[in-house]
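Protein chains in written order, with our numbering: chain A, 137 to 245; chain B, 112 to 223.
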């Protein structure tokens, strides 16, 4: 079973700061997902990646397959970015996602 | 597009009662999933359906049953609710394994 670890568990940042959230996993994967969960509870997919780097607006996700590690970066953070960010992985050919416990981000004006 | 719709949003049950959580998606996705989310733990897979007509157990299936009624709908049933099933339940769908997942808004279930 894949183990997914996220760090930090909690993060408080000032508006405008550059933010990095890390995710590491123990076994080879076919895909890694970054998800966002707002205080209201809904979960939204931000990225799905299997190699390299993806960018969407102020969000950037990278993955290093050899090191079994991914990072989610937020540039010019804003209070509306406050949420829980969750990393999840698919094993090779697997329907099952294994989730990290999430990183709670609070961005202060 | 509505995406993934699950009902109800909130439910309180007494121990031993039964209920069914409903989930429907309008994205023509093959795969559908039921997860539970508990404080301090990551989401955990209860059951999934890789395609219409198939269902498989996930990590925590005990106490639950599922039905893939058609390609759109995937329901989760608690036959005899227990306090340990107090949780937030999420339905999700994806085109196939390893594809982007879309989640419902969640059902907050309390069993007293």
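Where is the CB? At the ideal position from N, CA and C, for every residue including glycine.
beta-carbon residue i near the ligand NAD non-hydrogen atom, thresh 7 Å
| i | result |
| --- | --- |
| residue 164(A) | Here there are no bound small molecules, and the ligand NAD is not part of this structure. |
With 16 other Cβ atoms within 10 Å as the buried cut-off, status of residue i
| i | result |
| --- | --- |
| residue 145(A) | exposed |
| residue 239(A) | buried |
| residue 179(B) | buried |
| residue 198(B) | buried |
| residue 213(B) | buried |
| residue 138(B) | exposed |
| residue 140(B) | buried |
| residue 142(A) | buried |
| residue 223(B) | exposed |
| residue 152(B) | exposed |
| residue 129(B) | exposed |
| residue 234(A) | buried |
| residue 226(A) | buried |
| residue 188(B) | exposed |
| residue 157(B) | buried |
| residue 155(A) | buried |
Residues sharing a beta bridge with residue i, DSSP
| i | result |
| --- | --- |
| residue 235(A) | 224(A) |
| residue 145(B) | 158(B) and 202(B) |
| residue 213(B) | 204(B) |
| residue 184(B) | 135(B) |
| residue 145(A) | Paired residues: none, contrary to the question. |
| residue 154(A) | According to DSSP, residue 154(A) bridges with nothing at all. |
| residue 219(A) | 241(A) |
| residue 221(B) | 123(B) |
| residue 118(B) | 133(B) |
| What residue ranges within the segment 149 to 180 of chain B form continuous alpha helix (DSSP H) runs of no fewer than 4 residues, ordered along the chain? | none
| message | Measuring CB atoms only, is the segment 164 to 180 of chain A touching the segment 211 to 220 of chain B, in the sense that at least three cross pairs come out at less than 8 Å? | response | The segment 164 to 180 of chain A is in contact with the segment 211 to 220 of chain B.
| query | If you pair each beta-carbon of the segment 116 to 134 of chain B with each one of the segment 164 to 175 of chain A, do three or more pairs fall below 8 Å? | reply | no
| message | Whether or not the segment 151 to 161 of chain A and the segment 196 to 206 of chain A are in contact is what I'm after, with contact meaning three or more pairs of Cβ atoms, one per stretch, closer than 8 Å; do they touch? | response | In short, these stretches touch, since the Cβ pair count reaches three.
| said: Quick check for students: name the residue ranges of the alpha helix (DSSP H) that lie wholly in the segment 184 to 214 of chain A, counting only runs of 4 or more. | reply: Listed in chain order, there is nothing to give.
| task | Determine which residues of the segment 160 to 172 of chain B have a Cβ less than 8 Å from any Cβ of chain A, and write them out in chain order. | result | 161, 167, 169 and 170
| task | Could you tell me whether the segment 211 to 229 of chain A touches the segment 148 to 159 of chain A, using the rule of 3 or more Cβ pairs below 8 Å? | result | yes
| said: Tell me which residues of the segment 189 to 217 of chain B have at least one Cβ-Cβ distance to chain A shorter than 9 Å, keeping chain order. | reply: 199, 201, 203, 205, 207, 208, 209, 210, 211, 212, 213, 214, 215, 216 and 217
| said: Any C-beta of chain A within less than 9 Å: which residues of the segment 136 to 155 of chain B qualify? | reply: 142, 144, 146, 148, 151, 152, 153, 154 and 155
| request: Could you run through the segment 220 to 234 of chain A and flag, in chain order, every residue whose CB is less than 8 Å away from some CB of chain B? | output: 222, 224, 226, 229, 230, 231, 232, 233 and 234
| task | Could you run through the segment 183 to 217 of chain A and flag, in chain order, every residue whose CB is less than 9 Å away from some CB of chain B? | result | 183, 184 and 186
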